[in-house]
Ligand code: PA5
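Numbering (our numbering), first residue to last: 23 to 468.
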C-alpha cells in the first residue's frame, strides 16, 4: 500500500539540496534525543510511540463508549480548547460529508464548545440543545481551563434539567488527568465514565489518545484504521529509515533551512475545504511548539482556491518572507463530471467531460508554478486518498516533524509557558481568589 509522500523539489531554487542534506547529523541527533528522552521537554514524549502502544482493549473500550453515546444522543458536544478539541475536529471534518450537519444520519451530530467565551455562542448553543437528546464529552487535561469549565457548567446544568441527573451521568464522559484537577474530582464525585490523558502527552500531541479517538468514534469513523496509519508512519519516520527516505526528517530539515534563508512564515495550503481544521490543528502544533525565545516560523494557513481570491495577491507579490506547504489529495473519494452545454454561453465546453478534480489539480499546479515564479518555495505533501488510514499517517508525520524541527531550532517543543500570560491577567481582572496582588497591580495600570 502507498504512503503519504513529501516532495521538496520546488524549494530547491531557493535552498540547495546539499544544504538540506547537511542537516542529516543534526536530525539524527534530534531523533535520538526524542527516542532516548535526553532532550528538552523529555517528560512529554508519550506521543512518540503512542500509535504502536495502543492496545486492542483500549480501542474496544473507546468504541463501546462511543456506541453507548451514539445510542442515546442525537447531538454530542465536545467541550475542550486547543489540543483538547482541534485534533478531533480536524479529523472529523476531513472525513465527513461537507453537508452532514444538514442531513439525516445514523451518527450523532458532533458540535464543539468550551473553545471560546462568547455569550452569544453559548446562548445559541444551549437554545439549540433544548429540543435535542444530547451528550457531552468534556476534555481538559488540566481540568481547570476556564473556557471549558464554564461551558461544562452550563451544559451539565441544562442536561440534568432535561433528562435528570441519573441519565445525564450516562451521557457525560470526561477526559482528563489521572488524578489532578477539578474535572477529575467532579467526575469521581458524579460517577462519570472517564478516560485519562497520559501525563507524558501534551495537549497538542494528544489526538491519538481518547481526546481525539472518542469523538472520532462517536462521529462514526474507523479509529482502528486511523491508528494503523499512524503506526505505519511511526515506522517510516523512525530512526531506522535513512534521512532522504524519512519524510518527517526531510520536512524538519527543509523548513529550518528555509527559515534560516529568511522565510519566516509557513503557509499550509489545502485544496479541499474539509481540510480547513487540519490546518488549525497544525497551526497549534507548530505554533505552540516552536514559537519561543523570540524564535519560530509563524504558521499560517489558507484554503485554496477560495483564498486565492483574497490572499492570492499577497502570496504572489507581498513581502518575500513566506513558503508554502501544500496538502494535496491524489484521488478524491467521489466523481463529478462537467456536463456539456449546447449553447455554451458560459464558454466552459472546453471542460466538458473532464472531472472537477482535474480542474482543481490544474489550479493547484498553476498556482505552484506562479508562486514559485513569484519567490515562494513550495513543499508538497501528497495523500493518496482522504481516509482514516492516510489521515492517521499525516497526523503522525506532522507530530514527528514537529518534535525534530523544534530540536533543530533549539527550543523545547513540548512546553507552552507563553499561554499563561493572558490567563493571569484575566483572573486578576475577574478578581479570582488567590490573585489579590495581581488584581491590585493590573488595576493600577488601567
Ligand atoms: O497544547 C496545549 O497544552 C494547550 O493548547 C491545551 O491543549 C489547551 O490549553 C487546553 O488545556 P486543557 O486540556 O488543560 O484544558
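Note that the Cβ used here is the ideal one computed from N, Cα and C, for glycine as well.
- Using a C-beta cut-off of 8 angstroms, the region 295 to 302 makes contact with the region 100 to 116, since at least three inter-stretch Cβ pairs fall below that distance.
- DSSP places residue 220 outside both helix and strand once states are collapsed to three, so it counts as coil.
- For residue 412, the enclosing alpha helix (DSSP H) has its first and last residue at 410 to 431.
- In this structure, the C-beta of residue 109 stays at least 6 angstroms away from each heavy atom of ligand 1.
- A Cβ-Cβ separation of about 14 angstroms leaves residue 281 out of contact with residue 424 under the 8 angstroms criterion.
- Of the other Cβ atoms in all chains shown, fewer than 16 fall within 10 Å of the Cβ of residue 38; this residue is therefore exposed.
- For the pair of segments examined, the region 262 to 277 was found to touch the region 25 to 33: the number of CB pairs separated by less than 8 angstroms reaches three.
- Taking the CA atoms as reference points, residue 126 sits about 33 angstroms from residue 76.
- In this structure, 99 is the residue among 171, 205, 99 and 140 with its C-alpha nearest to the C-alpha of residue 155.
- Relative to ligand 1, residue 226 has its C-beta within less than 6 angstroms of a heavy atom.
- Segment contact: the region 301 to 321 against the region 135 to 145, fewer than three CB-CB distances shorter than 8 angstroms; contact not assigned.
- For residue 103, the shortest C-beta to heavy atom distance toward ligand 1 is below 6 angstroms.
- Taking the C-beta atoms as reference points, residue 400 is found nearer than 7 angstroms to residue 390.
- Ranked by Cα distance from residue 217, the first of 457, 430, 346 and 86 is 86.
- Separation of residue 90 and residue 239 (C-alpha to C-alpha, rounded to the nearest whole angstrom) is 11 angstroms.
- For residue 167, the distance from the CB to the nearest heavy atom of ligand 1 is below 6 angstroms.
- Inside the region 226 to 302, DSSP marks whole beta strand (DSSP E) runs of 3 or more residues at positions 287 to 292, from first to last along the chain.
- For residue 36, the secondary structure class from DSSP, reduced to helix, strand or coil, is coil.
- For residue 162, the CB falls within less than 6 angstroms of some heavy atom of ligand 1.
- Listed as beta-bridge partners of residue 321 by DSSP are 288.
- When the beta-carbon positions are compared, residue 303 and residue 290 stay at least 7 angstroms from each other.
- The shortest C-alpha to C-alpha distance from residue 337 to any of 392, 283 and 353 is the one to 392.
- If you look at residue 214, you'll find it isn't in any beta strand (DSSP E); DSSP assigns it neither H nor E.
- Secondary structure note for residue 400: its beta strand (DSSP E) is the uninterrupted segment 400 to 405.
- Nearest in C-alpha terms to residue 50, of all of 252, 460, 429 and 286, is 429.
- Within its own chain, the residues whose Cβ lies closer than 7 angstroms to the Cβ of residue 378, once the five positions on either side in sequence are excluded, are 358 and 360, listed in chain order.
- Its Cα nearest to that of residue 93, the residue 242 stands out among 187, 180, 242 and 455.
- CA-CA distance, residue 350 to residue 317, rounds to 29 angstroms.
- Remark: three or more beta-carbon pairs, one from each stretch, lie closer than 8 angstroms, so the region 190 to 203 and the region 156 to 163 are flagged as touching.
- The region 181 to 192 makes no contact with the region 226 to 238: fewer than 3 CB pairs, one atom from each, lie closer than 8 angstroms.
- Inclusion of residue 248 and residue 414 in the CB contact set at 7 angstroms is warranted, their separation being smaller than that value.
- Here residue 427 is actually not in contact with residue 256; their C-beta atoms are around 17 angstroms apart, not less than 8 angstroms.
- Within the same chain, 50, 53, 54 and 57 come within 8 angstroms of residue 261 by CB-CB distance, once the 5 residues on both sides are set aside.
- Around the C-beta of residue 278, 16 or more other C-beta atoms lie within 10 Å, and the residue is accordingly described as buried.
- Excluding sequence positions up to five before and after residue 111, its CB lies within less than 7 angstroms of the CB of 134 and 299, all in the same chain and listed in chain order.
- Judged by DSSP secondary structure, residue 60 falls outside any beta strand (DSSP E); it is assigned neither H nor E.
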